[in-house]
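Trainee: The structure is given below, and queries will be raised subsequently.
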Amino acid sequence: MTDVNLESGASLATLQRQLPALAHPDGSPVRALVVDDEPMLAELVAMGLKLCGWEARMAHAGRAAVETARDFLPDVLVLDWMLPELDGLEVLARIRAWRPEVPAMMLTARDSVDDRIQGLASGGDDYVTKPFSVEEVIIRLHRLVQRAGMTAQDADELVVGDLTLNIRTHQVARGGQQIELTATQFNLLQYLMENPQAVLSKAQILDCVWQYGFSGQANIVELYISYLRKKIDAGREPMIHTVRGVGYVIRPAG
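Take 1 as the starting number for the sequence shown in my numbering and just add one per residue.
As structure tokens, this is what we get:
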């Protein structure tokens with residue numbers, strides 16, 4: 001049990017309330033295949049996903065994982081690297097041969113930089129090392145599925161990379177960490193996130209966020225962009241960028 005931390009961050013029950021509900025457009029639940037040769041660890045991750053409304057199946061060896069995937073057609077994979085029969089990278093390669101779009105998280109005790117590079121270079125979309133927090137794993141899996149675009153998202157929620165904004169509840173989070181914004185900061189971020197990858201001029205931002213013309217007030221946009229950067233980007237890879245002489249753009253980090 002030293003490989004799991006259930007005490008850090010929000011409890012599973014809190015996550016159930018906070019995370020956006022994910023489902024396929026037909027209403028069917030998201031499907032996750034959890035593969036680990038330690039049944040208790042696999043059960044803990046699967047249990048957490050089920051609490052969030054997902055369907056989860058488990059496998060404890062490489063060949064069983066491939067066979068289960070063919071029957072279950074998972075939307076996301078959680079793979080230990082060191083498995084009996086076939087290792088996690090071989091399992092991923094075999095599943096990707098006929099289901100190339102499925103995202104995968106490596107969940108493993110192999111924690112060297114070289115291991116991370118090999119795991120990601122071999123097709124892993126995320127890499128979490130043991131010991132791990134179940135809550136963090138669930139948040140990361142939500143983000144993987146959201147970015148893959150396979151689910152019907154809550155119409156009230158905007159998602160850009162690992163940043164989420166809920167228009168109805170006014171909650172903002174990056175990587176699962178809640179961010180407090182003033183009303184104007186929230187409106188500015190909402191406008192940027194409604195137009196991801198688009199460069200927005202200061203005049204456009206003034207007109208849509210403050211509802212008055214340019215009138216030499218460009219400095220207020222610069223000021224509020226700096227406020228947002230301190231809250232959204234501080235200590236993280238930046239998402240809000242300046243396009244010199246044109247305006248501002250928000251895009252996923254990386």
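From the three backbone atoms N, C-alpha and C, an ideal C-beta is built for every residue, glycine too.
Just so you know, these numbers come straight off a predicted model, no measurement behind them.
Taking buried to mean at least 16 other C-beta atoms within 10 Å of its own C-beta, is P238 buried or exposed?
Mentor: It is exposed - the Cβ of P238 has fewer than 16 other Cβ atoms within 10 Å.
Trainee: From R140 to Y127, what does the alpha carbon distance come to, in whole angstroms?
Mentor: Going from the Cα of R140 to the Cα of Y127 covers about 10 Å.
Trainee: Quick one: using the 10 Å Cβ neighbour count with 16 as the cut-off for buried, is W81 buried or exposed?
Mentor: Per the 10 Å Cβ criterion, buried.
Trainee: Out of E43, R174 and V134, point me to the one whose CA is closest to R143's CA.
Mentor: It is R174 whose Cα lies nearest to the Cα of R143.
Trainee: Using a Cβ-Cβ cut-off of 6 Å (strictly less than) and excluding sequence neighbours within five positions of V209, which residues of its own chain qualify?
Mentor: Within the same chain, V209 has close Cβ partners N187, L188 and Y191.
Trainee: Quick one, are the C-beta atoms of V91 and L79 less than 8 Å apart?
Mentor: Yes, Cβ-Cβ distance for V91 and L79 is below 8 Å.
Trainee: Could you give the first and the last residue of the continuous beta strand (DSSP E) run that contains L158?
Mentor: Unbroken beta strand (DSSP E) run through L158: E157 to V160.
Trainee: What does E55 pair with, by DSSP beta-bridge criteria?
Mentor: DSSP, once it has assigned bridges, lists R31 as partnering E55.
Trainee: Cα-Cα, which of Q118, P131, I138 and W98 is closest to V34?
Mentor: Answer by Cα proximity: I138.
Trainee: Which residue's Cα is closest to the Cα of V221: G247, R236, A198 and K230?
Mentor: Answer by Cα proximity: G247.
Trainee: Is DSSP giving L107 helix, strand or coil here?
Mentor: Of the three classes helix, strand and coil, the one that applies to L107 here is strand, per DSSP.
Trainee: Is it right to say G213 is buried, meaning 16 or more other beta carbons lie within 10 angstroms of its own, or is it exposed?
Mentor: With a pLDDT of 49 at G213, under the threshold of 50, the predicted position of this residue should be treated as unreliable, and no value is reported.
Trainee: Contact between the stretch 104-120 and the stretch 49-67 is defined here as three or more beta-carbon pairs at a separation below 8 Å; is this criterion met?
Mentor: Because the criterion of three Cβ pairs below 8 Å is not met, the stretch 104-120 and the stretch 49-67 do not touch.
Trainee: Helix, strand or coil: how does DSSP classify H241 here?
Mentor: H241 falls in the strand class under three-state DSSP.
Trainee: Work out the CA separation of V134 and G48 for me, nearest whole Å.
Mentor: Each residue's alpha carbon lies about 7 Å from the other.
Trainee: In chain order, which alpha helix (DSSP H) runs of at least 4 residues are fully inside the stretch 115-151?
Mentor: Within the stretch 115-151, the complete alpha helix (DSSP H) runs of at least 4 residues are 134-148.
Trainee: Note down the Cα distance separating G62 from D37, rounded to an integer number of angstroms.
Mentor: Cα to Cα, G62 sits roughly 9 Å from D37.
Trainee: Just verifying my parser: in three-state terms, what is the DSSP assignment at V113?
Mentor: In this structure, V113 counts as helix in the three-state DSSP scheme.
Trainee: Would you say P196 and R147 are within 8 Å of each other, going by their C-beta atoms?
Mentor: Contact flag unset, no.
Trainee: Look up Q185 in the DSSP assignment and say whether it is helix, strand or coil.
Mentor: Of the three classes helix, strand and coil, the one that applies to Q185 here is helix, per DSSP.
Trainee: Out of P39, A46 and L206, which one is the CA nearest neighbour of P84?
Mentor: Residue P39 is the option with its Cα nearest to P84.
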